[in-house]
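S.K.: I'd like to ask you about the structure that follows.
Number of protein chains: 2
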Amino acid sequence: MTDNAPLPQGSVIGILGGGQLGRMLALAAARLGMKTHIYCPDPDSPAFDVTPRKTVAAYEDEAALAQFAAAVDVITYEFENVPAATAQFLAARKPLHPGARPLAVSQDRLAEKDFLTQAGVGVATYRPVHDLVGLHTALAEIGLPAVLKTTRMGYDGKGQRTLRQADEAETAFAELSPKPLVLEAFVPFTKEISVVVARNAAGAVKAYEPAENLHVNHILKTSTVPAAIAPETALLAVAAAETIVTALDYVGVLGVEFFVLPEGAQHPLLVNEIAPRVHNSGHWTEAVCVTDQFEQHIRAICSWPLGDTTRLADVAMDNLIGDEIAALPESLGTGIRPQLYGKAEARPGRKMGHINRVGPAIARN
Amino acid sequence: MTDNAPLPQGSVIGILGGGQLGRMLALAAARLGMKTHIYCPDPDSPAFDVTPRKTVAAYEDEAALAQFAAAVDVITYEFENVPAATAQFLAARKPLHPGARPLAVSQDRLAEKDFLTQAGVGVATYRPVHDLVGLHTALAEIGLPAVLKTTRMGYDGKGQRTLRQADEAETAFAELSPKPLVLEAFVPFTKEISVVVARNAAGAVKAYEPAENLHVNHILKTSTVPAAIAPETALLAVAAAETIVTALDYVGVLGVEFFVLPEGAQHPLLVNEIAPRVHNSGHWTEAVCVTDQFEQHIRAICSWPLGDTTRLADVAMDNLIGDEIAALPESLGTGIRPQLYGKAEARPGRKMGHINRVGPAIARN
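Protein chains in written order, with numbering that gives the first Met the number 0: chain V, 0 to 364; chain U, 0 to 364.
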């Protein structure tokens with residue numbers, strides 16, 4: 000089989016990570032007649048409930064990884080922090096999509112910003128920070144306010160400090176170092192939007208419309224489509240997303256988060272970050288698109304023709320976080336399509352499920 | 000738990016039957032955060048690929064049935080030919096939805112027609128046939144052409160003979176007896192349509208729009224929505240479907256097949272048959288409805304609020320039968336949402352998957 004021949008139905012897709020994204024990928028794979036095998040160290044992984052094939056082992060367990068690779072036809076993942084050694088070990092045995100490069104780029108904010116800049120996609124001004132002196136130099140160049148971030152393992156607002164005054168630099172540096180750091184100019188954005196885009200091995204690229212995202216406590220709360228942005232901003236966002244997957248020689252679905260800047264800004268849009276996987280802000284696609292992001296990812300990694308991203312209705316996706324899940328099923332009113340992750344324990348801040356509110360006129364939160 | 004309290008997320012739904020309907024029910028159950036346990040005698044059942052919980056045993060194996068009942072919170076089925084003793088055995092241990100009565104009614108054409116007639120829903124004129132003399136008497140009353148059918152286990156055109164001349168009666172009777180038989184008036188229908196309807200234990204009822212069905216070799220080939228029928232015919236069909244589930248005190252999704260008669264006929268519609276389960280002619284709902292028939296069935300049997308049957312676009316569903324599956328994935332053009340059943344062997348006449356063609360103007364086959 001060449002890399003571009005479609006994987007036949009009945010093939011086994013290996014998925015690293017057993018959270019809700021792995022679970023929804025497995026459900027979509029089943030709709031295409033594929034079998035799935037979930038690999039996750041957590042024995043209570045929600046994705047284990049939707050397939051008979053699983054491996055419970057550490058991502059560093061080479062014996063388990065070798066057995067997993069032997070049991071599957073293609074490998075993908077639901078999270079960007081797959082260890083580089085794990086990715087390398089698996090990619091030597093079976094096709095790994097997306098590949099090692101998108102992982103390396105997205106695991107490191109500095110590498111990501113360097114890549115995006117080289118690809119011609121706008122990002123906030125940034126400087127690597129190696130020590131406190133370097134932080135002061137970077138602050139002098141970038142100005143205040145600015146955001147100091149660890150280059151690795153940051154998510155949901157973790158691993159970052161906003162500096163509004165110069166005298167906050169020392170404390171922030173102390174809190175985040177000795178990890179490698181990057182200082183970014185604070186972006187006075189008016190909105191956050193995101194684009195989910197797919198590319199297959201044959202080079203076909205398809206993007207979904209931008210979603211407008213609302214974060215609460217640094218966690219995505221709501222994605223609304225269509226986004227209330229100018230048509231040319233939407234086109235720019237989609238074009239940037241397409242540029243990124245093409246420049247990465249990417250195979251699969253990728254999420255791109257953007258800041259929308261005020262009118263008159265030098266750049267109308269800046270990329271905040273990219274995620275080499277299906278994306279929380281793309282969950283709306285399952286309720287209103289002919290092909291949703293999960294099926295699109297499976298199509299892409301199986302070298303199938305990419306599906307139709309046409310949107311059939313307006314939609315707003317709400318994450319159900321922690322106890323919010325308890326309101327179901329009673330709160331399931333008209334026009335609501337739920338997706339619940341089957342997690343046993345509703346811890347604070349934990350994503351337990353989401354609902355898509357579908358209709359011609361979606362109420363905005 | 001009273002019968003009307005919603006079953007909590009994480010509950011286990013037991014499904015009798017491991018074919019594509021059981022598989023799609025399990026996928027829908029997962030979207031509601033439910034676990035599933037599939038019971039099927041065939042070790043190669045396609046539904047076994049979408050859950051870690053299964054029982055491979057005969058439907059008459061009481062030890063296996065008892066173990067299955069103990070492992071689940073509610074029981075449903077994907078096929079109407081569940082043996083009555085099996086249904087009774089399980090219903091004594093856990094809630095069985097739909098219950099024993101819809102099974103008994105739908106397993107026997109004569110009981111079905113008696114029930115429908117009592118409920119005030121029109122069916123073709125019919126007479127039970129006990130012997131050859133009775134067949135001749137029935138033919139004299141009903142006239143020619145007429146259709147002689149076994150009362151039990153008929154599907155996809157099996158177990159029936161159309162009589163166009165009186166001298167065909169003896170051969171047809173010999174071929175179908177000694178099974179109990181029923182003679183039905185031949186219905187000169189112009190179209191076949193169907194309605195999928197749901198009812199939950201609280202008595203809420205919701206129907207989908209009628210689909211227009213095209214059969215080839217007695218197997219459903221295409222369902223198109225909207226059906227090309229008069230609005231009042233659509234309303235009549237939906238009303239009849241709602242009458243049926245209410246009269247049966249039904250819990251779950253039920254499919255009702257209708258014949259549409261030529262203008263000027265005494266009845267514009269006659270019911271052909273009912274099926275106490277999700278229905279092939281309702282597969283279009285998964286591509287274009289906020290809530291599809293599979294999620295609706297799971298909601299109903301779990302005493303959840305019924306979902307929204309709103310249709311977001313025109314659609315045509317094509318069954319992929321036998322070798323037709325081989326054209327995929329290459330033939331997956333724009334606007335097509337596939338659902339493949341993961342069956343290993345594409346035998347002639349076997350339903351291997353289906354596609355939904357979605358768009359504002361669907362080409363009719």
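Ideal Cβ placement from N, Cα and C applies to all residues, glycine included.
Quick caveat, the model's predicted, so the values are computed rather than measured.
Find the residues of chain U that neighbour residue 340(V), judging by a C-beta separation of less than 8 Å, and give them in chain order.
M.R.: Within chain U, the residues near residue 340(V) are 32.
S.K.: How many Å lie between residue 168(U) and residue 114(U) at the Cα?
M.R.: Residue 168(U) and residue 114(U): Cα-Cα distance of roughly 27 Å.
S.K.: By how many angstroms is the C-alpha of residue 221(V) removed from the C-alpha of residue 123(V)?
M.R.: If you take the alpha carbons of residue 123(V) and residue 221(V), they lie about 24 Å apart.
S.K.: Taking the beta carbon of residue 351(V) as the centre, do at least 16 other beta carbons fall within 10 Å, making it buried, or is it exposed?
M.R.: With 16 or more other Cβ atoms within 10 Å, it is buried.
S.K.: Could you spell out the range, first to last residue, of the beta strand (DSSP E) harbouring residue 193(U)?
M.R.: From DSSP, the beta strand (DSSP E) with residue 193(U) extends over 190 to 198.
S.K.: Put residue 13(U) into one of helix, strand or coil per three-state DSSP.
M.R.: If DSSP states are grouped into helix, strand and coil, residue 13(U) belongs with the strands.
S.K.: Which runs of the beta strand (DSSP E) at least 3 residues long sit entirely within the segment 63 to 117 of chain V? Give them in chain order.
M.R.: Segments of the beta strand (DSSP E) lying fully in the segment 63 to 117 of chain V: 73 to 76.
S.K.: Rounded to whole angstroms, what is the Cα-Cα separation between residue 81(U) and residue 253(U)?
M.R.: When rounded, the distance between both Cα atoms is 15 Å.
S.K.: What does residue 334(U) touch in chain V if you count any residue whose Cβ is under 8 Å from its own?
M.R.: What residue 334(U) touches in chain V: 289, 307, 309.
S.K.: Specify whether the segment 258 to 273 of chain V and the segment 179 to 188 of chain V touch according to this definition: at least 3 beta carbon pairs, one from each stretch, less than 8 Å apart.
M.R.: Flag = yes, the segment 258 to 273 of chain V and the segment 179 to 188 of chain V touch.
S.K.: Residue 49(V) touches chain U at which residues, Cβ-Cβ below 7 Å?
M.R.: Residues of chain U passing the Cβ test: 29, 49, 50.
S.K.: What are the residues that DSSP puts in a beta bridge with residue 216(U)?
M.R.: According to DSSP, residue 216(U) bridges with nothing at all.
S.K.: Assuming residue 26(V) contacts residue 49(V) under a Cβ cut-off of 8 Å, what Cβ separation, rounded to an integer in Å, is found between them?
M.R.: Rounded, the Cβ-Cβ distance is 6 Å, consistent with contact.
S.K.: Are the beta-carbon atoms of residue 238(U) and residue 209(U) separated by less than 9 Å?
M.R.: No, these two residues do not count as a Cβ contact at 9 Å.
S.K.: Go ahead and pull the three-state DSSP assignment for residue 292(U).
M.R.: Residue 292(U) falls in the helix class under three-state DSSP.
S.K.: Among the candidates 77(V), 355(V), 73(V), 39(V), whose CA atom is the shortest distance from the CA of residue 59(V)?
M.R.: Among 77(V), 355(V), 73(V), 39(V), the Cα nearest to that of residue 59(V) belongs to 39(V).
S.K.: Could you work out which residues of chain V lie near residue 303(U), taking near to mean beta carbons separated by less than 8 Å?
M.R.: Those are 328, 331, listed as they occur along chain V.
S.K.: Quick one: give me the first and last residue of the alpha helix (DSSP H) that residue 233(V) is part of.
M.R.: 230 to 246 is the span of the alpha helix (DSSP H), which, as asked, contains residue 233(V).
S.K.: Cβ of residue 366(V) within 9 Å of Cβ of residue 23(V)?
M.R.: The requested residue 366(V) is not part of the displayed model; chain V covers only 0 to 364.
S.K.: What does the alpha-carbon distance come out to for the pair residue 242(U) and residue 304(V)?
M.R.: Roughly 44 Å separates the two Cα atoms.
S.K.: The alpha helix (DSSP H) with residue 265(V) in it runs from where to where?
M.R.: Looking at the DSSP string, residue 265(V) is not in any alpha helix (DSSP H), and its letter there is neither H nor E.
S.K.: Of all the CB atoms in chain V, is at least one closer than 9 Å to the CB of residue 204(U)?
M.R.: Cβ-Cβ to chain V under 9 Å: no for residue 204(U).
S.K.: Which same chain residues end up closer than 8 Å to residue 0(U) when comparing Cβ atoms and leaving out the 5 residues on each side of it in sequence?
M.R.: Low per-residue confidence applies at residue 0(U): pLDDT is 41, beneath 50, and the placement is therefore not dependable enough to give any value.
S.K.: Could you round the C-beta distance between residue 96(U) and residue 71(U) to whole angstroms and report it? I think they count as a contact, below 8 Å.
M.R.: Contact doesn't hold; Cβ gap of about 12 Å is too wide.
S.K.: What does DSSP give as the partner residues of residue 316(U) in its beta bridges?
M.R.: Answer is 222(U), 355(U).
S.K.: If we cut at 9 Å on Cβ distances, does residue 22(V) have a partner in chain U?
M.R.: Yes - at least one Cβ of chain U is within 9 Å of the one on residue 22(V).
S.K.: Under the three-state reduction of DSSP, which class applies to residue 206(V): helix, strand or coil?
M.R.: Residue state, collapsed to three classes: strand.
S.K.: Counting Cβ pairs, one atom from each stretch, are 3 or more of them under 8 Å apart for the segment 319 to 330 of chain U and the segment 194 to 214 of chain U?
M.R.: No: the two stretches stay apart, fewer than three of their Cβ pairs being nearer than 8 Å.
S.K.: Out of 311(V), 302(V), 112(V), point me to the one whose CA is closest to residue 180(V)'s CA.
M.R.: Residue 112(V) is the option with its Cα nearest to residue 180(V).
S.K.: Compare the C-beta of residue 8(U) against all C-beta atoms of chain V and say whether one is closer than 9 Å.
M.R.: Yes, residue 8(U) lies at the interface with chain V (some Cβ there is under 9 Å from its Cβ).
S.K.: Between the Cα of residue 288(V) and those of 357(V), 340(V), 184(V), spot the shortest distance and give me the residue it belongs to.
M.R.: The residue with the shortest Cα to Cα distance from residue 288(V) is 357(V).
S.K.: Using only the alpha-carbon positions, how far apart do residue 321(V) and residue 330(V) sit?
M.R.: When rounded, the distance between both Cα atoms is 16 Å.
S.K.: Quick one: what does DSSP say residue 54(V) is sitting in, helix, strand or coil?
M.R.: The answer is strand: DSSP assigns residue 54(V) an E or B state.
S.K.: Alpha carbon to alpha carbon, how far is residue 196(U) from residue 280(U)? Give it in angstroms, no decimals.
M.R.: One C-alpha to the other measures close to 12 Å.
S.K.: Quick check: residue 265(U) and residue 277(U), are their CB atoms within less than 9 Å of each other?
M.R.: Not closer than 9 Å, so no.
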